[in-house]
RNA sequence: UGCCCGGUGGUGUAACGGUAGCACGACAGAUUCUGGUUCUGUUUGUCGGGGUUCGAAUCCCUGCCGGGCAGCCA
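In this note's numbering, the protein residues as written are 465 to 1021.
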């Protein structure tokens, strides 16, 4: 999609206006601020593409900043994976990765300033008491009995909180705003809580940690972020964001909110993804069925296709549910252009060519990618005994079936026209062999007499093909909104058939080229990607996405 | 029931007071050595009611519907 084609969604509009008005000297600085408490998913990709994309469009850059203000849930494994995923998606952040924890000293200084202004106080209310004092969305809260403490007393108490004199949960530092505000977040929100926890970066330097609402705006301001883009649920936090920055008279970063991505037949919360990984419903965060970046990567998705998806879904403030078909379209669209074709038989049945010489092997030329002539050709061995898909043969086919049947002639891709004459069955009546004859004059796939066939099917040599494990994935859940039910756990909707492992027969040349991460199209079936589990001695492929199948639709009618 | 934010075909979006368009999906056809790709066509929409205006998806009022807010999570 070219620059001009990109819709001017409301975030682009705001930034474009700011730049043309000369706000911040026309500079644009955004940030991507993940909390390192889980792996990134496709919803984060939307945010990444937005933040990095829009900054770049207007000549700006983007900071990668880890919002590590809660040491209980965060760790370096996540920090590492997040950096990998952002890079893999094709984005480059400004300078070194940044960490909220780098600013703990500054944030602490700022809070002393707030206390001195009379805008913050130490509160001894317990969590339960605070809940009672806070009121509800429809009823105002009540002022804390500790609100009237003197500035000196607050400074002393806050110092002692920092020094570790008090146990977890015994005190908080709170902003003094308005307990009667209709906005719950303005009812004297907690700024700092006591947490005697070891932080993966600051160790035991701190036993008080800043809350999101206090920390995030300051992180933005300290870095002079011009446009702080976040999701809709933070909309009601914006008055507090502005309150902190205005009270401290620091760089006025501005927060803008857009609707997070919801995708059908999956879940998008880190908590739920963690649950799936930890409880073994999937093999881990990078299981190819997961909507994580690492899962999609392992599944065979390309960064280009994910970026394109993030562009076409748009950016609005409307809560929507995006059709998974759109994501699949994006990956097919890209893979169609770039992947080599190869023949792989997923559910093999043997074909014997009764008039083909025993022991003869022909190396036939096959086109690698009809969409890209520069992809060249390869040799495929053709022999007397072949495998084809079981579904490509029917003993008593309906009229619309264009594949092999008794008395029917079809083209074997890049090879010959073959006509079926007979089948061999086992004791149960199951077909175990299909007997055909070939027409030597049709070598290469065309008949010199101009004869046409309705169907072309793929095949591999029984003798020369190799085996590979193929993992066929289906949607992880059986319903479009697995987490919609209030009384039903989302795991009740897990699809028991989301993974099917089969043994396929594939073209021998794949043994040489299919390094883990190698993507290709198995003709007529789908796009596949060699898994990290794959090795030269045991090839393993993941099905990224099946090809569109208009025959499947006809058949199922 | 308080406050905040939303509502355009089946889905996702565009239209910035002036012809409701695009993409995905679905359906039909053409092309094709992949029932893939490509191409063509069809289908379906401004939440309701008032107003302002020559003219409203757009501005105003009102109703309805959906989402968010009561962590010492982010």
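C-beta: ideal position from N, C-alpha, C; glycine also.
| Check | Outcome |
| --- | --- |
| Using CA coordinates, which residue listed in 585, 593 and 498 is at the minimum distance from residue 549? | 498 |
| Between residue 588 and residue 610, how many whole angstroms is the CB-CB distance? I'm expecting something under 8 Å. | 5 Å |
| Counting along the chain, where does the alpha helix (DSSP H) carrying residue 896 start and finish? | It is not in any alpha helix (DSSP H) - residue 896 instead sits in the beta strand (DSSP E) that spans 895 to 903. |
| Reducing DSSP to helix, strand and coil, say where residue 467 ends up. | Here residue 467 scores only 45 on pLDDT, less than 50, and its place in the model is too uncertain to base an answer on. |
| So is residue 867 buried or exposed if we call it buried at 16+ other beta carbons inside 10 Å? | buried |
| Between the Cα of residue 472 and those of 487, 508 and 522, spot the shortest distance and give me the residue it belongs to. | 522 |
| Could you tell me the alpha carbon to alpha carbon distance between residue 998 and residue 479, rounded to whole angstroms? | 46 Å |
| In whole angstroms, what is the alpha-carbon distance linking residue 737 and residue 731? | 7 Å |
| Once the 5 residues before and after residue 662 are set aside, which same chain residues still bring their CB inside 7 Å of it? | 535 and 668 |
| When we look at the beta-carbon of residue 709 and count the other beta-carbons within 10 Å, is it buried (16 or more) or exposed? | buried |
| What do you reckon, are the CB atoms on residue 705 and residue 719 nearer than 7 Å? | yes |
| In or out: residue 818 buried (at least 16 other Cβ within 10 Å) or exposed? | exposed |
| Counting along the chain, where does the beta strand (DSSP E) carrying residue 692 start and finish? | 691 to 695 |
| Report, in whole angstroms, the separation of the C-beta atoms of residue 679 and residue 533, which I expect to be a contact under 8 Å. | 5 Å |
| Just the Cα atoms here: how many angstroms apart are residue 527 and residue 953? | 37 Å |
| Residues in the same chain with beta-carbon distance under 6 Å from residue 510, minus the five sequence neighbours each way, listed in chain order, please. | 725 and 774 |
| Take the Cβ of residue 635 as the centre, count every other Cβ of all protein chains shown within 10 Å, and call the residue buried at 16 or more, exposed below. | buried |
| Are residue 506 and residue 755 closer than 7 Å when you measure CB to CB? | yes |
| Quick check: what's the CA-CA separation for residue 917 versus residue 901? | 15 Å |
| Of the residues 875, 614, 642 and 576, which one's Cα is nearest the Cα of residue 626? | 576 |
| Is DSSP giving residue 515 helix, strand or coil here? | helix |
| Answer yes or no: do residue 1032 and residue 531 have a C-beta to C-beta separation smaller than 7 Å? | Since the displayed the chain opens at 465 and closes at 1021, residue 1032 lies outside it and no answer follows. |
| Can you tell me whether residue 683 is buried or exposed? The criterion is at least 16 other CB atoms within 10 Å of its CB, across all chains shown. | buried |
| Assign residue 984 to one of three DSSP states: helix, strand, or coil. | strand |
| In this structure, what does DSSP give as the bridge partners for residue 570? | None, per the DSSP bridge assignment. |
| With 16 other CB atoms within 10 Å as the buried threshold, where does residue 971 fall? | buried |
| Can you look up residue 701 in the DSSP assignment and give me helix, strand or coil? | helix |
| How many angstroms separate the CA atom of residue 1010 from the CA atom of residue 562? | 40 Å |
| CB residue 853 to CB residue 890, shorter than 7 Å? | no |
| Give the single residue among 647, 657, 807 and 646 whose Cα lies nearest to the Cα of residue 987. | 807 |
| Locate the beta strand (DSSP E) running through residue 673, then write down its first and last residues. | 672 to 674 |
| Quick check: the Cα distance between residue 930 and residue 692, rounded to an integer number of angstroms? | 53 Å |
| Since residue 849 is in the beta strand (DSSP E), which residue starts that stretch and which ends it? | 849 to 853 |
| Beta-carbon within less than 7 Å of residue 567's beta-carbon, same chain only, minus the 5 sequence neighbours each way: which residues are those? | 682, 683 and 686 |
| Please list, in chain order, all residues of the same chain as residue 465 whose beta carbon is under 6 Å from its beta carbon, the five residues on each side excluded. | Any reading at residue 465 must be qualified, since the residue scores a pLDDT of 39, below 50, and its modelled position is unreliable; the value itself is stated next. Only 775 meet the Cβ criterion. |
| Residues in its own chain within less than 7 Å of residue 760 by CB, not counting five upstream and five downstream? | 506 and 770 |
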